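Asker: Going by the numbering used here, the first residue of the sequence shown is number 50, and it counts up by one from there.
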Amino acid sequence: MAFFFFPFDSLICVLLGISFTVWFTLLLVFIIVPAIFGVSLGIRKLYMKTLLKIFKWATLRIERGAKEKNHLLYKPYTNGIIAKEPMSLEEEIKEIRRSGSSKDLSSPEFEMSDIFYFCRKGVESIMDDEVTKRFSPEELESWNLLTRSNYNFQHISLRLTVLWGLGLLIRYCFLLPLRITLAFTGVGLLVVGTTMVGILPNGRFKNFLSEKVHLMCYRICVRALTAIITYHDSENKPKNGGICVANHTSPIDVIILASDGCYAMVGQVHGGLMGIIQRSMVKACPHIWFERSEVKDRSLVAKRLSDHVEDKTKLPILIFPEGTCINNTSVMMFKKGSFEIGTTMYPVAIKYDPRFGDAFWNSSKYGMVSYLLRMMSSWAIVCSVWYLPPVTREEGEDAVQFANRVKSAIARQGGLVDLLWDGGLKREKVKDTFKEEQQKLYSKMLLGEIERDWLREFYKTVHRHQPRFIALHCQEVGGKDYELNMDQVEMFFRNILFSEEMKDFDRACVYVDKDFKIKNSFTALGSMYFIHKSLKQIYHYDFKVKEFKAVSGRNIHLGSLDSVSTLEKERFSKNFWPEVGFKWSRKGYMRTRWIIHNRGFDLVNVHLFHDASNIVACRTSPSVYSGNREKAFRYIINRLSDNRYTPLPFFMFGDFNFRLDLRSLVQALCSSAEIKMVKKGTNNEEEKVICKEKDGDHKLVLCIEKKVFEYQHQAAFREENGKAFLKYDKEIDRYSDVVGEEEIHFPPSYPYSEDYSQPTQFMNTRCPAWCDRVLLSHPARHIIHRGEEGESGVIYDTLGSNVCMGDHKVRCRIMLSNLRLARFHVLWIKDQRTLRPDLELSKRRQNWQSFSSWRYSRRYGQFFQSRHQQGWPLSSRGSLMTPVLEFLGVEEETGSVVGSEEAR
């Protein structure tokens, strides 16, 4: 069958053919070829300057027309509708207090006027929400001939309306088809090009071609948006083995950055067209795509990222830590995941010029297709990109602090508002943690003076005694409201660790049991150990592999601590004493093992049970509570001396909760008074003990309730440091067979008032007692240096005796110890100690003499004798010296720790 064409149809076909030929020729010559070589002909910049002149004229015409018709123009509030001064919570509350009363923050107490601060903040949040307005299009002061960008658009004049219609025609009838063509061209070339490159064997040539293909295709896609990009500080461009992090406004952020350099992308595996693009891209370049089931596995994601950055031949990873798009006015919270990798970060700031088109993608309002249509129908996409200097995580800086530091740098460079809010709030409710954060800040303000005085006294003591080793033991970290305060605990420990006063302590080990969700093992104990830079030979023990390891750097362990091998921690069992029915609480012990200048010893952080009721404690002598503490104490001793590890001298310090013999004390205090027992209920349960004078006005001498101990002559406990009451401190005598203590010349350590203005006053809740102690095993007493006449070199005293430091006064212990091998100055502060070597090592034979004088020498002798029978060699002096030193982990000739400690 033959086909016939009319001349008119042939003419149309010819014209269409010529049009398409001219169209693609122009695309090829003016867009695609320049994109391949990365050059610009200057057409887009000329186009941008022309648009600016038109926009300026249109804005002036709107303002003049509104003035003629007496119309009010809408002015966007770029900085919010409420004028705010950047002030801290403490400063604002201080200002409120000054305006309402004569009180100031010098007395850290709650005032009724403080609630006005929180009321004002609540009203401000409703009126001027910092979060919600970050997810709406940025409002312009000028008009860019787009109805979607200015509320002032309305009919002003015929010329303005005609100009708007002409712009509409240009954007939708010329620019939109051109851009769609370029977009399909760029994506098509990307799929075909990367697939072909992926066939090649791995090597430099493949990497070279992959880079060129990616750059060419991304530059074509950039031109599909008529994007005009200015790159600053290109010498800071991301390099292989690093991670590039940038603020996130739009999905086209990827194209903007990738058109100037190649990156490894990170994302979830998709289907459809996006899946085709992903599969082709990964053939040419090692991008990181995750399956849907893998995205929520943080450990897997972190491992994939870590493996990638460790290979310095792979491209830098591109990540947007905000996790959502923000409207080009601010930078919101960075997720910490990518900052935990431990590699170099390359911050990049991106700032769009909204006058030519709004690049922000509101994903909750527009789908991807409609968003791209809006982008391609805009006048242009104009933006600036700043490459900031690379940064790494500083010593002692956690991932959150590192992320905030990088975020602040990006916001500062891009002229954006730095916000702490999580971008996920646009889809989620505000978390309770945000409200708790304000509670913590207010609580910290009220208690800030106590914390500052505590740290000041601690630093003064360190400066005065110049220790070389400090052990700081803490109990009840987080306090009674530990669930609310635990985050502040971490900050407290870090403030000490990285303070200017502790800068000469270049090594440290920090152990904080803060995971209160693990009920069966949570002890709320915290131990910090600081090592001075002048102390060289120091090792800590690995309880899993049973060997000593040199201490290096700052080792921070926060959490449950169950997997930490350099620590032994245990919470007293819930069913430990079922016959007593004692309430289970977060009490336990924590042990670390050390070698300093070839002398091994254990440091034990202890928290024993308290007296739950003063009434019950008065019934018997000794009280039932002291019996509970003895069982716990003996349990610890047994754990320290069992056959799991070689027993070593130990120093045990913490809150033992040792109390005075209350029954005997009350009888003595009220010997000339009338004692009356008040009972309640049908079972005649004792509720109160009242002691009044027999003669005169029958004045009250003593009142005792479950949690009340009100003695009218409380000052007697402070006179001569409470020396008259030491005879009632009998609980320590129960343990004289295993531990000893230096003489006490300081007042009771508990319960001090937490009122800032009464630092030396006892609370009327418990009988004052020496709860906080430093005890040492008998073998450890040989370590303490004695003078020629047996004079002790120990200072055993309190820290902060005249300032408010909480309900406990911490213990301070300084020991000058002669180990025959070395001489030490040891500082123990409450629960804190230090050692400083200042003598050369003496002969190894003296080490054996000192070692053989231990209490366990007979057991050690039997051990070494059995080992000698198994073939252990004798030393050159004809003794078991070498096996002894090997057992201690000490090399005979050099004195350095080399071996492992074998469990007996």
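Positions of the beta carbon are idealized from the N, C-alpha and C atoms, including for glycine. This one's a predicted model, so the numbers in the text were calculated from it and none came from an experiment.
Where does the unbroken beta strand (DSSP E) through K680 begin, and where does it stop?
Answerer: Careful: K680 lies outside any beta strand (DSSP E), inside the alpha helix (DSSP H) at 673-690.
Asker: When you compare only the Cα positions, how much space is there between L848 and R505?
Answerer: 10 Å
Asker: Near Y531, which residues of its chain fall below 7 Å by C-beta distance, leaving aside the five closest residues on each side in sequence?
Answerer: F565, A573
Asker: When we look at the beta-carbon of S902 and count the other beta-carbons within 10 Å, is it buried (16 or more) or exposed?
Answerer: The pLDDT assigned to S902 is 33, lower than 50, so where the model puts this residue is not dependable, and the model offers no usable value.
Asker: Beta strand (DSSP E) containing D591: first to last residue?
Answerer: 587-591
Asker: Report the option in V434, K623, K385 whose CA atom is closest to the CA atom of D309.
Answerer: V434
Asker: For the stretch 754-796, which segments carrying the beta strand (DSSP E) assignment without a break, of at least 3 residues, lie completely within its bounds, in sequence order?
Answerer: Segments of the beta strand (DSSP E) lying fully in the stretch 754-796: 757-760.
Asker: Would E780 be called buried (16 or more neighbouring beta carbons within 10 Å of its own) or exposed?
Answerer: buried
Asker: For the beta strand (DSSP E) holding W643, just list the boundary residues, first then last.
Answerer: 637-645
Asker: According to the neighbour-count rule (16 or more other Cβ atoms, all chains shown, within 10 Å of its Cβ), is R907 buried or exposed?
Answerer: Only weak support is given to the placement of R907: the predicted model assigns it a pLDDT of 38, under 50, and the question is left unresolved by the model.
Asker: Quick one: using the 10 Å Cβ neighbour count with 16 as the cut-off for buried, is Y560 buried or exposed?
Answerer: buried
Asker: DSSP three-state call for Y694: helix, strand or coil?
Answerer: In this structure, Y694 counts as coil in the three-state DSSP scheme.
Asker: Just how far apart, CA to CA, sit I301 and A460?
Answerer: The straight-line gap from Cα to Cα measures roughly 19 Å.
Asker: Should A599 go down as buried or exposed, given a rule of 16 or more other Cβ atoms within 10 Å for buried?
Answerer: Exposed: under 16 other Cβ atoms inside 10 Å.
Asker: Alpha carbon to alpha carbon, how far is L231 from G473?
Answerer: 34 Å
Asker: Can you find at least 3 beta carbon pairs, one from the stretch 759-769 and one from the stretch 670-677, that sit closer than 8 Å?
Answerer: no
Asker: Should C752 and I739 be called a contact, given that it needs their Cβ atoms to be closer than 7 Å?
Answerer: yes
Asker: If you scan the stretch 323-376 from start to end, which runs of the beta strand (DSSP E) of 3 or more residues do you find wholly inside it?
Answerer: Considered as a whole, the stretch 323-376 harbours 337-339, 366-368 as its complete beta strand (DSSP E) runs of no fewer than 3 residues, in chain order.
Asker: Would you kindly work out how many angstroms separate the C-alpha atoms of C558 and F541, rounded to a whole number?
Answerer: 15 Å
Asker: Just how far apart, CA to CA, sit E160 and D804?
Answerer: 15 Å
Asker: Which value, in whole angstroms, describes the spacing of the CA atoms of D786 and A666?
Answerer: 25 Å
Asker: Do the CB positions of C311 and E260 come within less than 7 Å of each other?
Answerer: yes
Asker: Of all the options H581, K478, R556, which has the alpha carbon lying nearest to the alpha carbon of H514?
Answerer: H581
Asker: Grab the span of the alpha helix (DSSP H) containing M425 for me, first residue to last.
Answerer: Annotation for M425: the continuous alpha helix (DSSP H) segment containing it runs 417-425.
Asker: Which same chain residues end up closer than 8 Å to V63 when comparing Cβ atoms and leaving out the 5 residues on each side of it in sequence?
Answerer: Listed in chain order, the non-local C-beta contacts of V63 below 8 Å within the same chain number zero, local neighbours out to five positions each way being set aside.
Asker: For Q23, which of N569, H319, L607 has the nearest alpha-carbon?
Answerer: Summary: the structure shown does not reach residue 23, with the chain confined to residues 50 through 953, and so no result is reported for it.
Asker: Just grab the DSSP bridge partners of W435 for me.
Answerer: H281, A398
Asker: CB F702 to CB C820, shorter than 7 Å?
Answerer: no
Asker: Whole-angstrom Cβ separation of Q716 and H646, contact assumed at under 8 Å?
Answerer: That belief does not hold up - the Cβ atoms of Q716 and H646 are roughly 51 Å apart, past 8 Å.
Asker: According to DSSP, L749 sits in a beta bridge with which residue or residues?
Answerer: K741, per the DSSP bridge assignment.
Asker: Checking 7 Å against the spacing of the C-beta atoms, do P800 and D856 come in under that value?
Answerer: yes
Asker: Three or more beta-carbon pairs under 8 Å between the stretch 245-259 and the stretch 392-409, yes or no?
Answerer: no
Asker: So F705 and R635 are supposed to be a Cβ contact under 8 Å. How far apart are they, rounded?
Answerer: The distance from the Cβ of F705 to that of R635 is about 16 Å, inconsistent with a contact at the 8 Å cut-off.
Asker: Using DSSP with H/G/I as helix, E/B as strand and the rest coil, what is V852?
Answerer: coil
Asker: For the stretch 266-276 and the stretch 414-429, state whether three or more C-beta atom pairs, one from each stretch, are separated by less than 8 Å.
Answerer: yes
Asker: Inspect the beta-carbon positions of D471 and M382 and report whether they are closer than 7 Å.
Answerer: Yes, the Cβ-Cβ distance between D471 and M382 is below 7 Å.
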